[in-house]
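Participant:
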Amino acid sequence: MGKNVKLKAARAMLGLSQKDLAEKVGVTRQTIVAIEKGDYNPTINLCRAICRALGQTLDQLFWEEGQ
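Under full-length UniProt numbering, the residue at position 46 of the sequence shown is numbered 46, and the numbers go up by one with no gaps.
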């Protein structure tokens, strides 16, 4: 599992901090940090909530090339 640079970039494009995104999806800032660093695999429900909050699709944010 690698870093999720797509998530970080999408969040930054909207001007959201890790804390802002965490509040929108109902998790802690530390959870967002861990997902972005690749230290935590979120559940599908959390992935969907993150996608809705950022206006992205699952493929756009969580698909890794070569899978």
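Cβ atoms here follow ideal geometry from the backbone N, Cα and C, with glycine treated the same way.
Would you say L61 and A10 are within 8 Å of each other, going by their C-beta atoms?
Facilitator: Locating residue 61 in the sequence shown gives position 61, counting from the first residue. Locating residue 10 in the sequence shown gives position 10, counting from the first residue. Yes, these two residues count as a Cβ contact at 8 Å.
Participant: Would you kindly check if the distance between the Cβ of V33 and the Cβ of I50 is under 8 Å?
Facilitator: Counting from one through the sequence shown, the residue named residue 50 turns up at place 50. Counting from one through the sequence shown, the residue named residue 33 turns up at place 33. No, they are not a contact pair.
Participant: Run the CB neighbour count on residue 70, radius 10 Å, all protein chains shown included, and call it buried at 16 or more, exposed below.
Facilitator: It is not possible to answer for residue 70, since the shown part of the chain is limited to 1 through 67.
Participant: Determine, using beta carbons only, whether K37 and R29 come nearer to each other than 8 Å.
Facilitator: The residue labelled residue 37 in the question sits at position 37 within the sequence shown. The residue labelled residue 29 in the question sits at position 29 within the sequence shown. No, the Cβ-Cβ distance between K37 and R29 is not below 8 Å.
Participant: Which runs of the alpha helix (DSSP H) fall wholly inside the UniProt domain "HTH cro/C1-type" (7 to 61) and span at least 4 residues, in chain order?
Facilitator: 18 to 25, 29 to 37, 44 to 54
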